[in-house]
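Reviewing the structure listed below.
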Amino acid sequence: ADRIKTLLASVPTGLLVGGEWRPAASGKTLDVHNPATGEVLLTISDAGADDAAAALDAAVAAQESWAATAPRERGEILRRAFEAVTERADDFALLMTLEMGKPLAEARGEVAYGSEFLRWFSEEAVRAFGRYSVAPDGKSRLLVTKKPVGPCLLITPWNFPLAMATRKIAPAIAAGCTMVLKPAALTPLTSQLFAAVMIEAGLPAGVLNVITTSTAGATTGGLVKDSRLRKLSFTGSTEVGQRLLADASHNVLRTSMELGGNAPFVVFEDADLDAAVAGAMIAKLRNMGEACTAANRFIVHESVAEEFSSKFAAKVAEMTTGPGIEDSTKVGPLIDQKSRDKVHELVSDAVSGGAVALTGGAPVEGPGYFYQPTVLSNVPANARILSEEIFGPVAPIVTFRDEAEAVRLANNTEYGLVAYVFTQNLNRGLRMGEKLETGMLGLNAGVVSNAAAPFGGVKQSGLGREGGLEGIEEYLYTQYIGIADP
Ligand code: ADP
Numbered sequence: 005a006d007r008i009k010t011l012l013a014s015v016p017t018g019l020l021v022g023g024e025w026r027p028a029a030s031g032k033t034l035d036v037h038n039p040a041t042g043e044v045l046l047t048i049s050d051a052g053a054d055d056a057a058a059a060l061d062a063a064v065a066a067q068e069s070w071a072a073t074a075p076r077e078r079g080e081i082l083r084r085a086f087e088a089v090t091e092r093a094d095d096f097a098l099l100m101t102l103e104m105g106k107p108l109a110e111a112r113g114e115v116a117y118g119s120e121f122l123r124w125f126s127e128e129a130v131r132a133f134g135r136y137s138v139a140p141d142g143k144s145r146l147l148v149t150k151k152p153v154g155p156c157l158l159i160t161p162w163n164f165p166l167a168m169a170t171r172k173i174a175p176a177i178a179a180g181c182t183m184v185l186k187p188a189a190l191t192p193l194t195s196q197l198f199a200a201v202m203i204e205a206g207l208p209a210g211v212l213n214v215i216t217t218s219t220a221g222a223t224t225g226g227l228v229k230d231s232r233l234r235k236l237s238f239t240g241s242t243e244v245g246q247r248l249l250a251d252a253s254h255n256v257l258r259t260s261m262e263l264g265g266n267a268p269f270v271v272f273e274d275a276d277l278d279a280a281v282a283g284a285m286i287a288k289l290r291n292m293g294e295a296c297t298a299a300n301r302f303i304v305h306e307s308v309a310e311e312f313s314s315k316f317a318a319k320v321a322e323m324t325t326g327p328g329i330e331d332s333t334k335v336g337p338l339i340d341q342k343s344r345d346k347v348h349e350l351v352s353d354a355v356s357g358g359a360v361a362l363t364g365g366a367p368v369e370g371p372g373y374f375y376q377p378t379v380l381s382n383v384p385a386n387a388r389i390l391s392e393e394i395f396g397p398v399a400p401i402v403t404f405r406d407e408a409e410a411v412r413l414a415n416n417t418e419y420g421l422v423a424y425v426f427t428q429n430l431n432r433g434l435r436m437g438e439k440l441e442t443g444m445l446g447l448n449a450g451v452v453s454n455a456a457a458p459f460g461g462v463k464q465s466g467l468g469r470e471g472g473l474e475g476i477e478e479y480l481y482t483q484y485i486g487i488a489d490p
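Note that the sequence shown covers residues 5 to 490 in UniProt numbering.
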């Protein structure tokens, strides 16, 4: 309890504007809760439109000198931030568990994953190369360079409080962009602590500004339509993403959109079933199922469906729910009452249509927003749970007869973020890569996220890629200089 008190006391409660932590102009505050208990953890500033404008002013003021800062220097700030986050891994993990609910072991995993973007982009900062070439007619010369797009607005969700922030902030820093970060109101403390670490690592004032707010649309609306803003990077729901894309058209902003998912998890008759079950556990229960990459539909060949389902349900039934800070906890609480109600509504709808709960199927009594880890078989094709993002620890299973049907079922969604395929036939695995409409594919793997890989979706799952060689490109624009034959 003392450790928690000391940690919370080290989290800045103000807005970060131009290198200074300050209260909201209105004096308003917002409470951050622990979803395992419902208790208030910390009260922080609640920004309004005036504060957002001040944050953009600071980002705009810092842009020119930041773009002119040596790439190596930008990279080294990121590298120092990587070292600092790694050193304080236990603090970041505990803070995420407290405000978001995930088990401590998973929070530590997120620190490793989230900090890796700092290291990866510290290395990418010095490799934003262009080219010089002779035009086909042999007369003119073509000089192509990369430049930072300029001040960015970064909007992040509550489910991965550190990684969603570093995945945007690190490439923006590497590219030479300044930014305003608006974290989710449900889990803003991790990015507050992270911003403090960035400043200790030597990030100049105004490069990163942070506005925590309970009124996202009203507070950031003016920024999206401000002609000085050049880029919007958003991770969140498709519904909000669509609205932001419409608003971004006003100034024809560069946009990156990481939106919802409805990941199919396909198990073929030739799969290693134990490996498929192990993959299913991670793809479904990591982060309590609160991930846009979470397996949303299990599509299993009819000849192995019974064996897969019973093995999977037996493992899921062993998963203990509880507060993330307890060592025995495998599945933490959902983020709030509304999310839990939505999960239960989807389960009830499936069960009323004929689905059978092999394990779980109900909320957990008592404080916190816990939901029983659940496996549903015989899910009817028209159940809402197959078309809506569940964002909870619930696995609906349907069956298929042949590969063509598996492809048809997997692609039967407006989303296209990630798919998982389990088969021991490599040709079939590669064929699925060609046939599935998805930005990412886990082949015999239940998790694909990696700072060195391009993360992102197709269809209504989004635009652009984060991480990999592609990630920094989202923050650069290409400039071409045509030169007369020298
Ligand atoms: P989730 O389902 O993950 O909560 P949301 O799309 O509601 O997804 O939220 C993702 C992020 O977008 C959060 O930081 C939230 O505050 C922010 N957000 C929600 N509505 C708007 C809006 N109208 N304008 C800007 N940001 C918004």
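For each residue, glycine too, the CB sits at the ideal point set by N, CA and C.
Cβ shell of residue i (< 7 Å), same chain only, five flanking positions each side left out
i, result
"aspartate 35", "Val44, Thr47"
"alanine 51", "Leu19, Ala28, Ile215, Thr216, Thr217, Thr223"
"glutamate 393", "Gly264, Gly265, Asn266, Asn300"
"glutamine 428", "Asp274, Ala275, Asp276"
"leucine 60", "Pro155, Val184, Leu227, Asp230, Arg232, Leu233"
"glutamate 418", "Lys463, Gln464"
"glycine 420", "Glu441, Thr442, Gly443, Gly461, Val462, Lys463, Ser465"
"isoleucine 329", "Thr101, Leu108"
Rounded C-alpha distance that separates residue i from residue j
i, j, result
"threonine 90", "leucine 212", "20 Å"
"aspartate 274", "lysine 342", "40 Å"
"lysine 346", "leucine 207", "41 Å"
"serine 253", "phenylalanine 238", "15 Å"
"glutamine 196", "serine 14", "10 Å"
"proline 107", "aspartate 353", "29 Å"
"proline 400", "glutamate 349", "14 Å"
"arginine 388", "asparagine 416", "13 Å"
"glutamate 306", "alanine 385", "15 Å"
"threonine 442", "valine 153", "28 Å"
"glutamate 311", "glutamate 77", "56 Å"
"glycine 293", "alanine 65", "41 Å"
"leucine 248", "valine 115", "29 Å"
"arginine 232", "proline 155", "7 Å"
"threonine 363", "aspartate 6", "38 Å"
"methionine 202", "alanine 85", "6 Å"
"glycine 450", "alanine 280", "8 Å"
"alanine 58", "valine 21", "7 Å"
"glycine 23", "threonine 219", "23 Å"
"leucine 190", "alanine 295", "15 Å"
"alanine 93", "leucine 430", "38 Å"
"serine 453", "methionine 104", "19 Å"
"leucine 236", "threonine 325", "37 Å"
"methionine 261", "asparagine 255", "16 Å"
"arginine 123", "alanine 455", "9 Å"
"glutamate 68", "phenylalanine 316", "55 Å"
"alanine 74", "arginine 258", "24 Å"
"glycine 433", "tyrosine 375", "34 Å"
Residues of its chain near residue i, where Cβ-Cβ distance is below 8 Å and the 5 sequence neighbours each way are ignored
i, result
"alanine 53", "Ala222, Thr223, Gly225, Gly226"
Cβ distance (whole Å) where residue i is taken to contact residue j below 8 Å
i, j, result
"leucine 146", "glycine 486", "7 Å"
"valine 402", "isoleucine 303", "6 Å"
"tyrosine 373", "proline 337", "5 Å"
"proline 458", "glutamate 478", "Going by Cβ atoms, the distance from proline 458 to glutamate 478 rounds to 10 Å, so no, they are not a contact pair."
"leucine 102", "asparagine 38", "6 Å"
"phenylalanine 426", "glycine 283", "6 Å"
"isoleucine 476", "glutamate 128", "5 Å"
"phenylalanine 96", "threonine 194", "7 Å"
"proline 161", "glycine 240", "5 Å"
Span of the alpha helix (DSSP H), counted from its first residue to its last, around residue i
i, result
"glutamine 341", "341 to 356"
"glutamate 407", "407 to 415"
"alanine 169", "167 to 179"
"lysine 319", "309 to 321"
6 Å CB neighbourhood of residue i in its chain, flanking five on each side removed
i, result
"lysine 32", "Asp50"
"alanine 359", "Leu380, Asn382, Val383"
"leucine 445", "Ala423, Gly437"
"tryptophan 25", "Pro16, Gly18"
"phenylalanine 125", "Leu82, Ala174, Pro175, Ala178"
"glycine 118", "Leu166, Ala167, Thr170"
"serine 137", "Leu146"
"glutamine 483", "Thr149, Lys151"
Opening and closing residue of the beta strand (DSSP E) in which residue i lies
i, result
"leucine 473", "Looking at the DSSP string, leucine 473 is not in any beta strand (DSSP E), and its letter there is neither H nor E."
"aspartate 35", "33 to 37"
"residue 496", "Since the first residue of the chain shown is 5 and the last is 490, residue 496 is not available in this structure."
"lysine 334", "Looking at the DSSP string, lysine 334 is not in any beta strand (DSSP E), and its letter there is neither H nor E."
Chain C contact for residue i (CB, 8 Å cutoff)
i, result
"glutamine 464", "In summary, chain C is missing from the structure at hand, where a single protein chain is found."
Minimum length 4: unbroken alpha helix (DSSP H) runs contained in the region 58 to 122
As far as the region 58 to 122 is concerned, its whole alpha helix (DSSP H) runs of at least 4 residues are 75 to 91, 93 to 104.
4-residue-minimum alpha helix (DSSP H) runs that sit fully inside the region 184 to 224, ordered along the chain
Note on the region 184 to 224: whole alpha helix (DSSP H) runs with a minimum of 4 residues are 193 to 204, in chain order.
Enumerated in chain order, which unbroken segments of the beta strand (DSSP E) with a length of 3 residues or greater are wholly contained in the region 227 to 254?
Segments of the beta strand (DSSP E) lying fully in the region 227 to 254: 235 to 239.
What are the complete alpha helix (DSSP H) segments, minimum 4 residues, inside the region 376 to 454?
Contiguous alpha helix (DSSP H) elements confined to the region 376 to 454 occur at 407 to 415, 430 to 439, taking only those with 4 or more residues.
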